[in-house]
Amino acid sequence: MLEWFAIDLIKQAGEYIRQQIDERYEIERKTGKGDLVTEIDRAVEQLIVDRIQDAYPNHHIVGEEGISTGPADLTGTVWFVDPIDGTLNFIHQKRMFAISVAIMIDEVVEYGFVYDVMADELFVARRNQGATLNGRILPAIREHYVRDAFLSMNATWVTPNRQIAPEVLAPIVKDSVGTRAHGAASLELAWLAAGRVDGYITMRNMPWDYAAGKLLVEEVGGRVASLYGEPIRYDGKTSVLAGSETFVNDVVKHYVIAKGATPEVRPDLEIQPQASYKDVETLLLLANPQEAMIQEQFKAGETYVAMLGGELVGAYMLVRRSDELIELVNIAVKPERQNQTIGQRLLQDAIRRSKGSGAKRMLVCTGNSSVVQLRFYQQAGFRFESVERDYFPNHGYAAIEEDGLPLLDRICLTRDL
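Under our numbering, the very last position in the sequence shown is 418; numbers go up by exactly one each time.
Here it is in structure tokens:
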């Protein structure tokens, strides 16, 4: 059976590492001072490759140290192998490193194995069958927001680097319960699946780093995506954001896209000017049920729509209030397309267009009961400007409640452009 073959192979490789860890070995630098490889890395990968090829000659292997020749595509059965994930830890600490192996069959990862060699902890995931640690079933992941999460993230990403502006991720460090850098992606994902950390963030992983850990997290109900909320592929380098669904959505919406971070993948959303009121009327009424007011704003300003694969999914308006001030009004997303980062992308598009128009400040107004929207705008740099008491009942709005709060007062916020 493929699963038991893999477990036996990993345990054999782990025993070899334990025997060699205190011996003298050669260390080489690959791409940078922290990117190292030892002769033990290569020996372990060779051991794994040889046994797989002997037992399954038609299988393909993608390994970190390049001993095997990777396939042209990911069809058939493909093994992703990292013989020592966390080589720096292996060299300096002799702990907190892992053997990571994932098995993909017809482009779907079916098995994931992460073995903490020195702790003798084997994490195993089988697609749609859950995850275990040394045979014990791992419970479902707990939901966390950033503010109550204990994170695993390298300090590299909140200091000057080539991958992302440090100010995008720095607030996460400040807002979370605590942050640690553990230095072994597969192990960090395994610990996330086991509930030892609540989130994992990195800007640079390869498939052999995350393939096994990703399945572990997903099998306990978590989510693994790119930092921009996009699905992860297995054909190259990517950022990785992992945690509960709540945690991943919180990071993407309120920290990454709210800060205007540029996605690393081809944009899937087209935002363009809209000339016809009738085509966008229904969507705009979601944001403001006062049709006469919307029609007046449509004539006075400019309307933009978001198209996803030819589908109209969102819209917003910009209305010039003075040479320096521009107001964002009626930002709306189709109900079935909400919680997909479309609103955040519309907001960032509005900010970019407003800057380009020469405006110096942007104004946005919402209701006192719109707690989610108030947080959304403040995360994007808006600050409270004014409160107009009883605005909504005085302007003919129906009495409604949001999160147990009656809609009464209009709150306006501004931000510099």
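Yeah, the Cβ is synthetic: ideal placement off N, Cα and C, and Gly gets one too. As the structure is a prediction and not an experimental result, all values here were calculated from the model.
Helix, strand or coil: how does DSSP classify Ala171 here?
helix
Thr88: buried (16+ other C-beta within 10 angstroms of its C-beta) or exposed?
buried
Along the beta strand (DSSP E) that carries Ala333, what are the first and last residues, could you check?
326-334
Nearest-angstrom beta carbon gap, Arg354 and Leu319 [assumed within contact, 8 Å]:
7 Å
Ordered along the chain, which non-local residues of its own chain (more than five positions away) have a Cβ less than 7 Å from that of Thr133?
Val125, Leu139
So, helix, strand or coil for Leu408, using DSSP?
coil
Going by DSSP, name the residue or residues bridged to Tyr387.
Reading off the sequence shown, one finds Ser at residue 387, where the question assumed Tyr. Ser387 pairs with Cys413.
Within the continuous beta strand (DSSP E) that includes Ala213, where are the two ends?
Counting along the chain, Ala213 falls outside any beta strand (DSSP E), though it belongs to the alpha helix (DSSP H) covering 208-220.
Trp192, buried or exposed, once every other Cβ within 10 Å from all chains shown has been counted against 16:
buried
Return the chain-ordered list of same chain residues with a C-beta closer than 8 Å to the C-beta of Arg384, the five sequence neighbours on each side being excluded.
Leu414, Thr415, Arg416
Any idea if Asn331 is buried or exposed, counting beta-carbon neighbours within 10 angstroms, 16 or more meaning buried?
buried
Exposed or buried, which one is Gly302 when buried takes at least 16 other CB atoms within 10 Å?
buried
Using the C-alpha atoms, what's the distance from Asp410 back to Ser371?
10 Å
Which first and last residues belong to the alpha helix (DSSP H) in which Trp192 is found?
186-194
CA-CA distance, Ala185 and Val365?
43 Å
Grab me the residues of Gly315's own chain with a C-beta within less than 6 Å of its C-beta, minus the 5 sequence neighbours each way, in chain order.
Ala307, Val334, Ile343, Leu347
Do Gly1 and Gly244 have their CB atoms nearer than 8 Å?
As displayed, the chain neither begins before 2 nor continues past 418, which places residue 1 out of reach and without an answer.
How is the alpha helix (DSSP H) around Asp1 delimited, first residue to last?
Because residue 1 is not part of the residues shown, which for the chain are 2 to 418, the question remains open.
Rounded straight-line distance, which links the Cα of His396 to that of Leu270:
35 Å
DSSP on Gly223, reduced to helix/strand/coil?
coil
Under DSSP, the alpha helix (DSSP H) around Trp5 begins and ends at which residues?
3-21
So, is Thr160 buried or exposed, given that buried needs 16 or more other C-beta atoms within 10 angstroms?
exposed
Sub-8 Å separation of Ile165 and Met204 beta-carbons
yes
Cα separation between Arg137 and Thr239?
31 Å
Please state whether DSSP places Val314 in a helix, a strand or coil.
strand
In terms of residue numbering, what span does the beta strand (DSSP E) encompassing Phe98 cover?
No beta strand (DSSP E) holds Phe98; DSSP gives it neither H nor E.
Got a sec, what are the start and stop residues for the beta strand (DSSP E) Pro274 sits in?
271-274
Checking contacts by CB at 8 Å: is Met294 closer than that to chain B?
Going by chain labels, chain B is absent from the structure shown, which holds only one protein chain.
When you compare the stretch 272-288 with the stretch 388-402, are there three or more beta-carbon pairs, one atom per stretch, that lie closer than 8 Å?
no
Go to Ala132, then tell me how far its alpha helix (DSSP H) extends in each direction, as first and last residue.
That residue, Ala132, is in no alpha helix (DSSP H); its beta strand (DSSP E) goes 132-134.
Can you tell me which residues form a DSSP beta bridge with Ser323?
According to DSSP, which records beta bridges pairwise, Ser323 is partnered with nothing at all.
Close-in-space but distant-in-sequence residues of the same chain around Gly15 (CB under 7 Å, 5 per side omitted):
Ile100, Tyr116, Val118
Glu303, DSSP secondary structure in three states:
strand
With a Cβ-Cβ cutoff of 8 Å, do Pro84 and Ile62 count as a contact?
no
Status (buried if at least 16 other CB within 10 Å, exposed otherwise) for Lys34:
Interpretation of Lys34 is limited by its pLDDT of 46, a score under 50 that renders its predicted location unreliable; no figure is taken from the coordinates.
Which residues mark the beginning and the end of the alpha helix (DSSP H) in which Leu364 is found?
Element bounds for Leu364: not the alpha helix (DSSP H) but the beta strand (DSSP E), 362-368.
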